[in-house]
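S.K.: Below is one structure. I have some questions about it.
Residue numbers (this note's numbering): 3 to 154.
Right, dumping it as structure tokens:
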């Protein structure tokens, strides 16, 4: 059984959300879709996605509010996909913790490339962290990250 990367799409426009779902599922991602910020907060906490695609124009809150709230407790990569094309919006989202920003309309190839870049960065960070602390010890418990084993 292969573990697939889980992507949460936070998009209130069903046509766009379903389009992204089709693209991502065809490339073997596990995809979840929510249409509001409140539902997104719950899913992020309960399902721990590997990556989030966030639209800033949500019906119940501004996506920037959600991004800032998530950044207070999570480092999950966030790629903003928004119709807001002003430079100030892009800068504000990146400064608030977004990993990338893509303006609608977008091409499939560009979306996939930006997701790959974000995933590569995350993989490098995880690899560096594992190198720094190859074995975690707490009392009798030892976790060997490189071997993927825990010992008591």
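No residue lacks a Cβ here, since even glycine has one placed at the ideal position from N, Cα and C.
1. If you draw a straight line from the C-alpha of residue 63 to the C-alpha of residue 39, how long is it?
2. I'd like to check one pair, residue 113 with residue 34: are the Cβ atoms closer than 9 Å?
3. Tell me the rounded alpha-carbon separation between residue 136 and residue 122.
4. Classify residue 30 as helix, strand or coil using the three-state DSSP reduction.
5. Decide if residue 120 is buried, meaning its Cβ has at least 16 other Cβ atoms within 10 Å, or exposed.
6. Here's the rule: buried if 16 or more other CB atoms are within 10 angstroms of the residue's CB, otherwise exposed. What is residue 87?
7. What residue range is occupied by the uninterrupted beta strand (DSSP E) comprising residue 80?
8. Check each candidate in 60, 46 and 154 and name the one with the smallest Cα separation from residue 72.
9. Under DSSP, the beta strand (DSSP E) around residue 91 begins and ends at which residues?
10. Nearest to residue 26 by CA position, among 110, 36 and 57, is which residue?
11. Using only alpha-carbon positions, find the residue among 102, 129 and 107 that is nearest to residue 118.
12. Just the C-alpha distance for residue 153 and residue 129, rounded to the nearest angstrom, thanks.
M.R.: From the atom records:
1. 6 Å
2. no
3. 20 Å
4. Note: residue 30 maps to coil in three-state DSSP.
5. buried
6. exposed
7. 80–84
8. 46
9. Premise fails: residue 91 lies in the alpha helix (DSSP H), 89–98, not in any beta strand (DSSP E).
10. 110
11. 102
12. 21 Å
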